[in-house]
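In the order they appear, the protein sequences are chains A and B. Numbered by the working numbering, the letters in the first sequence go through residues 168 to 475 in order. Numbered by the working numbering, the letters in the second sequence go through residues 168 to 475 in order. Note that CB positions come from ideal geometry on N, CA and C, so glycine has one too. Only a predicted model underlies this, so the values are computations on that prediction, with no experimental measurement involved.
There are 2 protein chains.
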Amino acid sequence: MPAFRSGSSEQVAFLEDLLSAGLLSRTGVHGVYARGADFERARLALDALITRTAAAESPEPLYHPPLFPREQLERNGYLGSFPHLAGTVFSFDGDETAAADQLELASRHEDWSGFQSMTEMVLTPAACYPLYPAVAARGPLPQDGLTLDTGDAYVFRREPSSDPSRMQIFHMREIVRVAGRETVIEWRNLWRARAEELLRGLGLELELDIASDPFFGRTGRLLAAQQRDQELKWELLASVAGEPSAIASSNYHQDHFGEIYDIVTADGEVAHTGCMAFGEERVTLALFSAHGSDLSSWPAGVLAALKL
Amino acid sequence: MPAFRSGSSEQVAFLEDLLSAGLLSRTGVHGVYARGADFERARLALDALITRTAAAESPEPLYHPPLFPREQLERNGYLGSFPHLAGTVFSFDGDETAAADQLELASRHEDWSGFQSMTEMVLTPAACYPLYPAVAARGPLPQDGLTLDTGDAYVFRREPSSDPSRMQIFHMREIVRVAGRETVIEWRNLWRARAEELLRGLGLELELDIASDPFFGRTGRLLAAQQRDQELKWELLASVAGEPSAIASSNYHQDHFGEIYDIVTADGEVAHTGCMAFGEERVTLALFSAHGSDLSSWPAGVLAALKL
Numbered sequence: 168m169p170a171f172r173s174g175s176s177e178q179v180a181f182l183e184d185l186l187s188a189g190l191l192s193r194t195g196v197h198g199v200y201a202r203g204a205d206f207e208r209a210r211l212a213l214d215a216l217i218t219r220t221a222a223a224e225s226p227e228p229l230y231h232p233p234l235f236p237r238e239q240l241e242r243n244g245y246l247g248s249f250p251h252l253a254g255t256v257f258s259f260d261g262d263e264t265a266a267a268d269q270l271e272l273a274s275r276h277e278d279w280s281g282f283q284s285m286t287e288m289v290l291t292p293a294a295c296y297p298l299y300p301a302v303a304a305r306g307p308l309p310q311d312g313l314t315l316d317t318g319d320a321y322v323f324r325r326e327p328s329s330d331p332s333r334m335q336i337f338h339m340r341e342i343v344r345v346a347g348r349e350t351v352i353e354w355r356n357l358w359r360a361r362a363e364e365l366l367r368g369l370g371l372e373l374e375l376d377i378a379s380d381p382f383f384g385r386t387g388r389l390l391a392a393q394q395r396d397q398e399l400k401w402e403l404l405a406s407v408a409g410e411p412s413a414i415a416s417s418n419y420h421q422d423h424f425g426e427i428y429d430i431v432t433a434d435g436e437v438a439h440t441g442c443m444a445f446g447e448e449r450v451t452l453a454l455f456s457a458h459g460s461d462l463s464s465w466p467a468g469v470l471a472a473l474k475l
Numbered sequence: 168m169p170a171f172r173s174g175s176s177e178q179v180a181f182l183e184d185l186l187s188a189g190l191l192s193r194t195g196v197h198g199v200y201a202r203g204a205d206f207e208r209a210r211l212a213l214d215a216l217i218t219r220t221a222a223a224e225s226p227e228p229l230y231h232p233p234l235f236p237r238e239q240l241e242r243n244g245y246l247g248s249f250p251h252l253a254g255t256v257f258s259f260d261g262d263e264t265a266a267a268d269q270l271e272l273a274s275r276h277e278d279w280s281g282f283q284s285m286t287e288m289v290l291t292p293a294a295c296y297p298l299y300p301a302v303a304a305r306g307p308l309p310q311d312g313l314t315l316d317t318g319d320a321y322v323f324r325r326e327p328s329s330d331p332s333r334m335q336i337f338h339m340r341e342i343v344r345v346a347g348r349e350t351v352i353e354w355r356n357l358w359r360a361r362a363e364e365l366l367r368g369l370g371l372e373l374e375l376d377i378a379s380d381p382f383f384g385r386t387g388r389l390l391a392a393q394q395r396d397q398e399l400k401w402e403l404l405a406s407v408a409g410e411p412s413a414i415a416s417s418n419y420h421q422d423h424f425g426e427i428y429d430i431v432t433a434d435g436e437v438a439h440t441g442c443m444a445f446g447e448e449r450v451t452l453a454l455f456s457a458h459g460s461d462l463s464s465w466p467a468g469v470l471a472a473l474k475l
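In structure tokens:
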């Protein structure tokens, strides 16, 4: 088991509030919750607001399921940087005797992992990851590059916690730019202002942070420092149960994915990529934390912005 | 690897049509596709139509993510009946040396499964499964029982195939009744007519079939025969690429889940359960198969029914 992160007493109390209001519901696994009607209404209203905000640049929707080819995870560097966060899919491929043996162990809640073998699938670690091989397969980019929209994609992070903001499976909505270097950098600055405006319009107090990803191990600490030094990642933080929580972020990958997947611009240069990501459950939690657990009593301006 | 099911030449040609129309997009894994804008528009329009159809009985929405507690899979009988279809989630829990070794194997696309261990999560096998423990945790049912709505939940089936109707991960929308025996049986008959009407209203030609689930092995054949004899499952079949495909189905579980989870009615009887399930990608495929790959040229009555 990975280290379990206990939520603060305020975070645990907030989770209890959400549960008793029927906004979330327990499944028995930390960080895996069911969503009740009002939580989902708020989340989908946010999702629609992101759609309206992004509409000006007509991103191409490409909606991937929560499973990602293992082969791509082996290629894209994730297992070097975040081995502790990955989830892989295993399945059974035995005969009837093996099935009976597996069942007997499982019925006693004993270890039946020996009957499971690795499939060609893993859980999707980031909404934008499946886009890069898909874009590469099309050949050189159009003149202005591409802007894509992942929709509200499920992603997985192996981070069991009793803090409701730290879920193991949640929706990440990303708008992704694949183009020449200057274009991506300019686009990213544009979204910094746009994301702030969108979230402030929902009555959230924000802090902008030059941030780093949770890289693994000692080498990871170096990578994180480098990422911060080059300002490759920024986050927008809002308060959830009294603690700042990253509810949106943007990564500039430079030519990382361009190199791996051999994505080239119309001018024959290696493409750069950047993404603007919204953690939909986290934004929704920030909203319930700021405006209370009764959706109908949220401030009128917030409900109007969400068309609720 | 489980047996790969080759699609018929018509099914494979239909998949090619969907890919070239941008309705689906390959990921590199059979049965795992990305959905393009028009496919998703049609699927969500269908999902909204199901919502409108079910509105009369005000089902309670409870939206679960694609992950399900392993402990529940061990309890609910799935591993006895469908061990070949289940997917389990594994993850890494080693130190930096192990991470480096895992990475090296993975980079060469060699076997790194030895570094992965079983987590407490599996992929959700059916949209209704997470509801039963959730309902049980609430105590005795209200007088009239409960009607629940899973929303468009992702479910997993380990069935690699080049037939586009056989996906490994897809959306299943279920309306679920938990109540006394007579109530569930009556409710199920009501939905048989309602589901037929909904789908015929979309211009689909349907066949009703008394069916069985794909139980595993020799014992499975007996279970399947029993299920058919007792008419516990029916399916609505529509043509997809020239072959009948089950696009909706209803199961009557009798007191199977009531017994396992100790769900009792207000009168203290063991609860019965039944569900009405729509395979959203399959219905959508049946629509594209019947009406062509250009959504805007679908018959006016179909577009009107879908509010498209």
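- For A/Gln310, the secondary structure class from DSSP, reduced to helix, strand or coil, is coil.
- Secondary structure note for B/Ala472: its alpha helix (DSSP H) is the uninterrupted segment 467-472.
- Assigned with DSSP and collapsed to three states, A/Phe455 falls in helix.
- Here A/Asp422 carries a coil assignment [DSSP, helix/strand/coil].
- Contact between B/Asp184 and B/Ser460 is confirmed by a C-beta separation of about 6 Å, below the 8 Å threshold.
- Taking CB atoms only, B/Pro232 has a neighbour in chain A less than 8 Å away.
- By the neighbour-count criterion, in which 16 or more other beta carbons inside 10 Å mark a residue as buried, B/Ala170 falls on the exposed side.
- B/Phe323 carries a strand assignment under DSSP once its states are collapsed to helix, strand and coil.
- A straight-line Cα-Cα distance of about 22 Å links B/Val179 and A/Tyr230.
- Not a single CB atom of chain B sits nearer than 8 Å to the CB of A/Thr440.
- By DSSP's assignment, A/His276 forms no beta bridge with any residue.
- Sorting A/Thr432, A/Glu410, A/Thr220 by C-alpha distance to the C-alpha of A/Ala360 places A/Thr220 at the top.
- Here the alpha carbons of B/Val289 and A/Glu263 stand approximately 21 Å from one another.
- Between the alpha carbons of B/Leu452 and A/Arg385 lies a gap of roughly 49 Å.
- When C-beta distances to chain B are compared with 7 Å, the residues of the segment 249-275 of chain A below that value are Pro250, His251, Ala253, Gly254, Thr255, Val256, Phe257, Ser258, Phe259, Asp260, Glu263, Ala266, Gln269, Leu270, Ala273, Ser274, in chain order.
- The segment 246-260 of chain B and the segment 278-285 of chain B touch, with no fewer than 3 CB-CB distances between them shorter than 8 Å.
- In this structure B/Phe206 does not touch B/Leu186 by the C-beta definition: roughly 11 Å separates them, more than the 8 Å allowed.
- Look at B/Tyr296 here: in three-state DSSP terms it is coil, with no helix or strand label.
- Assigned with DSSP and collapsed to three states, A/Thr350 falls in helix.
- With contacts defined as CB atoms closer than 8 Å, A/Pro233 and A/Thr291 qualify as a contacting pair.
- Per DSSP, the beta-bridge partners of A/Glu402 are A/Asp376, A/Ser416.
- Closest in C-alpha terms to A/Tyr200, from the list B/Ala293, B/Ala301, B/Tyr428, B/Gly198, comes B/Ala301.
- Beta-bridge pairing by DSSP links B/Glu227 to B/Leu315.
- Annotation for A/Thr440: the continuous beta strand (DSSP E) segment containing it runs 439-446.
- The shortest CA-to-CA distance from A/Ala222 to any of A/Phe249, A/Leu369, A/Thr314, A/Gln310 is the one to A/Thr314.
- Between A/Leu308 and A/Val345, the gap from beta carbon to beta carbon is short of 8 Å.
- Distance from the CA atom of A/Ala391 to the CA atom of B/Pro250, rounded to whole angstroms, is 42 Å.
- Within the segment 278-295 of chain A, the residues whose Cβ lies closer than 9 Å to any Cβ of chain B are, in chain order, Asp278, Trp279, Ser280, Phe282, Gln283, Ser284, Met285, Thr286, Glu287, Met288, Leu290.
- Interface residue (Cβ-Cβ distance to chain B less than 8 Å): A/Tyr321 is classified as such.
- Counting C-beta pairs closer than 8 Å gives fewer than three between the segment 365-375 of chain B and the segment 439-450 of chain A, which falls short of the contact rule.
- Taken in chain order, the members of the segment 199-226 of chain A whose beta-carbon sits within less than 7 Å of a beta-carbon on chain B are Val199, Ala201, Arg202, Gly203, Ala204, Glu207.
- For B/Leu182, not one C-beta of chain A is nearer than 8 Å to its own C-beta.
- Flagged as an interface residue toward chain A: B/Phe383, by a C-beta distance shorter than 8 Å.
- In this structure, A/Ile414 lies away from A/Leu357, with their beta-carbon atoms at least 8 Å apart.
- The C-beta of B/Lys400 has 16 or more other C-beta atoms within 10 Å across all chains shown, which makes the residue buried.
- By the criterion of a C-beta distance shorter than 8 Å, A/Ala303 is surrounded in its chain by Tyr428, Asp429, Ile430, once the five residues flanking it on both sides are discounted.
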